[in-house]
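Following: one structure in structure tokens, then a few remarks.
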Amino acid sequence: AAAGAGGNIGRALGLLGSAKPSKSAADAKKLREELIYGERYACLRVLAGYDKDRDGLGQTLSLLREGFAQAAVGREADERLCNRVTVMQLVGAADAVERALLRAGRNVSIPLLSACMVEEVKAALAG
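Residue numbers 7 to 133, in our numbering, belong to the letters of the sequence shown in order.
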């Protein structure tokens, strides 16, 4: 950003602030919202976009795990989230996503992996 702004720090910060989030980041955010507040089918629709993109799925799952972990340590400002789930539920969800990430590295079928992960995360967030 600094090179693109010609060394102007204010302009570089403006470029960074206006940068569009990556597909993985946007999908991870949407997926977290759907896992907490939405339906299972909506989660599977988001994950269906990665049926042929194992690397993209890995990035999205890493960001999703990070999102749950950040919320668990209290770095989440969304009051709606704080009233909905406990820290232990968020830690359980992060663990479920971590297991899915490990399975993705073992060449497990992506649709099967997605379905299992959604069920595990939903179960962690429910209990």
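C-beta atoms are modelled at their ideal positions from N, C-alpha and C, and glycine is treated no differently.
- Distance between Gly44 and Leu53, taken at the CA atoms: about 14 Å.
- In the three-state reduction of the DSSP assignment, Glu125 falls in the helix class.
- The alpha-carbon separation between Ala48 and Ala110 amounts to approximately 20 Å.
- Straight across, the Cα-Cα distance linking Asn113 with Arg60 is about 9 Å.
- Taking Glu104 as reference, the option from Ala32, Leu37, Arg51 and Ala75 with the minimal CA-CA separation is Ala75.
- Looking only at Ile116, Gln95, Tyr56 and Gly55, the smallest Cα-Cα distance to Val127 is reached by Gln95.
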